[in-house]
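The structure appears below as structure tokens.
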Amino acid sequence: MSDIFAVYGASGCGRSLMPVASEYLRRSNNGSQIVFIDDALDSDTHINGYVGMNYDRFKNLDNDSKWVLIAIANSSIRQKIADKLVQDDVSLWTVQGANTLIMDGVTVGVGAALSPFVTIAANVTIGKCFHANLYSYVEHDCVIGDYVTFAPRVSCNGNIHIHDHAYIGAGAIIKQGTPDKPLIIGKGAIVGMGAVVTKDVPAGAVVVGNPARPLHKA
Ligand code: UDP
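Quick note: to get the numbering used here, add 91 to the position in the sequence shown (first position is 1).
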């Protein structure tokens, strides 16, 4: 039987990525079927004109090979699902918009979602299951870890290192580092929307504002 492709997650993130994924498949001259997977679905249903099913049902389909884009913003869930897929011999699928621009010397790990109007500039290295939402960019010489998430319009300037599971909110701007001293966003850090990050952010920290400072809850 033929190959099958899927977008895992049929909430906001998944429904926004499905048209990108479906168009990407068409651009690759691949006529395979594409479906939604969502574990909240009991039986086959239709979502925006696509078939939707839960993972158990997808797993039991009789296709030769299966490719899945995990379209869920929460990075821990993304990792849990990615581990399950790999164990089940399902391939992690990378998808990009027709106008996504990828420059020279770029490495992108498996399972990335590169939305329309995203630019990845020269000599950037990116880990597994990266999400770059609409209009985000990653400038030259950045190193991005696994399961990193960019909301829309993130400005990630040159020589920045972002560690695994960091989340960068919509419209955040991160100051460029230097080859000798890259600016570092630590593992699991959260940068609030619209923040202007001018210095390193420690692992697990939440920073907001301009200039970005740790969030102290009331
Ligand atoms: N989901 C799933 N399996 C999981 C965890 C989540 O199918 O193990 C689905 C969940 O049912 C929901 C979607 O993923 O439909 C996540 O949606 P949410 O609105 O939380 O996040 P977003 O779409 O913004 O990433």
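For each residue, glycine too, the CB sits at the ideal point set by N, CA and C.
- Query: Which of helix, strand or coil does DSSP assign to Val111?
  - Reply: As a first step, residue 111 is located in the sequence shown; it is residue number 20 there, counting from the start. DSSP places Val111 in helix when its eight states are reduced to three.
- Message: For a quick check, are the C-beta atoms of Ala286 and Gly260 less than 8 Å apart?
- Response: Residue numbering aside, residue 286 sits at position 195 when the sequence shown is read from its first letter. Residue numbering aside, residue 260 sits at position 169 when the sequence shown is read from its first letter. A contact, by the Cβ cut-off of 8 Å.
- Among Ile251, Asp153, Tyr146, which residue has its Cα nearest to the Cα of Leu160? For the purposes of this step, residue 160 is taken as the residue at position 69 of the sequence shown. Among Ile251, Asp153, Tyr146, the Cα nearest to that of Leu160 belongs to Tyr146.
- Task: Could you tell me how far apart the beta carbons of Asn154 and Ser113 are, in whole angstroms, since I believe they sit closer than 8 Å?
- Result: Within the sequence shown, residue 154 is the residue found at index 63, counting from 1. Within the sequence shown, residue 113 is the residue found at index 22, counting from 1. Distance from Asn154 to Ser113 at the Cβ level is roughly 17 Å; contact not present, criterion being Cβ atoms closer than 8 Å.
- Top-ranked residue by Cα proximity to Gly210, from Gly202, Gly218, Gly188: As a first step, residue 210 is located in the sequence shown; it is residue number 119 there, counting from the start. A small correction: the amino acid at residue 210 is Thr; Gly does not occupy that position in the sequence shown. Out of Gly202, Gly218, Gly188, Gly188 has the C-alpha closest to the C-alpha of Thr210.
- Item | Residues that DSSP places opposite Arg304 in a beta bridge | Against the sequence shown, residue 304 aligns to sequence position 213. Val299.
- Query: Leaving out the 5 sequence neighbours to the left and right, which residues in its chain are closer than 7 Å to Val111 when beta-carbon positions are compared?
  - Reply: For the purposes of this step, residue 111 is identified with residue 20 of the sequence shown, where counting begins at 1. Same-chain partners within the cutoff: Val186, Gly188, Ser206, Pro207.
- Does the distance from the CB of Ala204 to the CB of Leu108 come in under 8 Å? What you label residue 204 is simply residue 113 of the sequence shown in a count that begins at 1. What you label residue 108 is simply residue 17 of the sequence shown in a count that begins at 1. Contact: yes.
- Roughly how far, in whole angstroms, is the beta-carbon of Tyr238 from the beta-carbon of Asp255, given that I think they are within contact range, below 8 Å? Counting from one through the sequence shown, the residue named residue 238 turns up at place 147. Counting from one through the sequence shown, the residue named residue 255 turns up at place 164. Contact between Tyr238 and Asp255 holds, since their C-beta atoms are separated by about 6 Å, short of 8 Å.
- Message: On the criterion of 16 or more Cβ atoms from any shown chain inside 10 Å, does His137 qualify as buried, or is it exposed?
- Response: Working through the sequence shown from its first residue, we reach residue 137 at position 46. Burial call: exposed.
- With 16 other Cβ atoms within 10 Å as the buried cut-off, status of Arg169: For the purposes of this step, residue 169 is identified with residue 78 of the sequence shown, where counting begins at 1. Under this definition Arg169 is a buried residue.
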